[in-house]
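Participant:
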Amino acid sequence: MKHESVEIISTYNAEHYTWGDRCSGWYYLNSENIAIIRECMPPATKETLHYHRKSHQFFYILSGVATFEIDGMMYNLEDGEGVLINPGIKHRIINNTNSDLKFLVISEPPSHGDRVNPHNPDEIKSKPIKMPIRFLSAKKNKGK
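Taking the numbering used here as reference, the numbering of the sequence shown is continuous, increasing by one, and the terminal residue is 682.
1) Looking at the structure shown, is Arg576 part of a helix, part of a strand, or coil, going by DSSP?
2) Where are the beta strand (DSSP E) runs, 3 residues long or more, that stay fully inside the stretch 545-597, in chain order?
3) Applying the 10 Å Cβ sphere with the 16-neighbour rule, what's the burial state of Glu553?
4) Keeping to the same chain, check which residues put their C-beta closer than 7 Å to that of Tyr566; ignore five residues upstream and five downstream.
5) Is it a yes or a no for the stretch 586-601 touching the stretch 636-655, going by three-plus beta-carbon pairs under 8 Å?
6) Can you tell me which of the three DSSP states Pro659 falls into?
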């Protein structure tokens, strides 16, 4: 029996978009208050360093190993690990591996239209940060 209020969402029926160099995203939920996106990054791809003025973003790794650059520090996250990135924090995700990186990014409020690509690195440092970055089982890269 199917309930009219239940919608099963997957990469087969979600709104799809592409970004960067061969990367893909699927909107699992895209409302006024929150966005849940499944993304896939092919091997040797990376995002541009940026920050968001309002959006809090939680990245959850489904498969693969993600390298995050967050405020100049590098962190590796594996399957089942996540990281919360608060507004004003410079960050990017990198796939340095030979396999696809699959993850969920949950943004509150939605981050599209809220992205700032800084030209001046000091632009962000002058912004007050109200909440610290919280890591869930994140492993900090040593010597990188």
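For every residue, glycine included, the Cβ atom is placed at its ideal position computed from N, Cα and C.
What you are looking at is a predicted structure, and each value in this text was computed from that prediction instead of being measured.
Facilitator: Looking at the atomic coordinates:
1) Translated into the one-based positions of the sequence shown, residue 576 becomes position 38. In the structure shown, Arg576 sits in a strand (DSSP, three-state: E or B).
2) 553-557, 561-568 and 573-579
3) In the sequence shown, counting from the first residue as 1, residue 553 sits at position 15. When all chains shown are included, Glu553 counts as exposed.
4) Position 28 of the sequence shown holds residue 566. Cβ within range, chain order: Ile547, Ala552, Ile574, Ile575 and Arg576.
5) yes
6) Within the sequence shown, residue 659 is the residue found at index 121, counting from 1. Summary for Pro659: the model assigns pLDDT 47, below 50, so the residue's position carries little reliability; its value from the coordinates is reported in the next sentence. Three-state result, Pro659: coil.
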